[in-house]
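Participant: Take this structure, written in structure tokens, and hold onto it; I'll ask about it next.
Numbering (our numbering), first residue to last: 7 to 249.
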């Protein structure tokens, strides 16, 4: 499929590399979205008549790229949704952030509240009506002093809207290129530096482990660090999380 790499495919699942700056699903912009592009590709590749089923299991923000999994059957979608709820579906990201977190690694726990009107998320006091608990583990895996940018591995333990962007901004380290949660430090036109490097889960039918890995592109600011650093950080996460 043009411009969309396939990482894994069988009768039940479709794992792909999401391109940046494309919505995961149809939105108010009216732009072509990944979900419908993939459905059309399946229809053409397998000469399927009528509507094609493709279950959306998780989402990536429009400017974010990397590994994603879709379900090709309703049974697989249901079981993967259960895996998300029970945290058996693991998601790890690499991010480039402004500055350097105060600690080399740690866990962030916040309560997040989304404003649907502005499509923004904020950290609010625990117990705030409508607030949802957000937890992630992070580890610094690289730092460029000249640019004052850090390469950070993030393992999500919850899947809240804009979670990584909001929580890292909350500790004073907004993502490179993030105009929404780091406008004071970022310049318009910069590409948000957040990449889904790993999605892992037990196969919904065979129960064998499925590991989807996608490394960020070799463009700035990712290119500040050798590819082996990104690869090692990803492989370490696959092997044992952020420990």
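Backbone N, C-alpha and C fix where the C-beta goes; we use that ideal spot for every residue, glycine too.
Just so we're clear, the structure is a prediction, and the values are computed from it rather than from any experiment.
1) What number of angstroms, rounded off, separates the C-alpha of residue 47 from the C-alpha of residue 78?
2) What is the C-beta distance between residue 227 and residue 153, in whole angstroms, given that I count them as a contact (C-beta under 8 Å)?
3) Quick one: Cα of residue 85 to Cα of residue 215, how far?
4) Would you check if there are 3 or more beta carbon pairs closer than 8 Å linking the segment 95-108 to the segment 143-152?
5) Restricting to runs no shorter than 3 residues, where is the beta strand (DSSP E) found entirely within the segment 120-152?
6) Among 225, 169, 207, which has the Cα closest to the Cα of residue 261?
7) Could you tell me the boundaries of the beta strand (DSSP E) in which residue 217 lies?
8) DSSP puts residue 15 in a beta bridge; with which residues?
9) What are the residues that DSSP puts in a beta bridge with residue 201?
10) Where does residue 176 fall in DSSP's three states?
11) Use the C-beta contact count for residue 72: other C-beta atoms within 10 angstroms, 16 or more gives buried, fewer gives exposed.
12) With DSSP run on the structure shown, which of helix, strand or coil describes residue 95?
13) Under 8 Å between the Cβ atoms of residue 117 and residue 138?
14) So, is residue 29 buried or exposed, given that buried needs 16 or more other C-beta atoms within 10 angstroms?
15) Taking residue 52 as the reference, give the member of 140, 17, 171, 98 with the closest Cα.
16) Using the C-alpha atoms, what's the distance from residue 159 back to residue 40?
17) Distance, Cα to Cα, residue 13 vs residue 209?
18) Taking the C-alpha atoms as reference points, what is the distance between residue 102 and residue 231?
Facilitator: Once the coordinates are examined:
1) Those two C-alpha atoms are separated by around 12 Å.
2) 7 Å
3) In this model, residue 85 and residue 215 are separated by some 14 Å (Cα to Cα).
4) yes
5) 126-130, 138-150
6) In this structure the chain extends from 7 to 249, so residue 261 is not present and cannot be described.
7) 215-219
8) 20
9) 71, 100
10) helix
11) buried
12) coil
13) In contact: residue 117 and residue 138 (Cβ atoms closer than 8 Å).
14) buried
15) 17
16) 25 Å
17) 14 Å
18) Near 10 Å, if we compare the C-alpha coordinates of residue 231 and residue 102.
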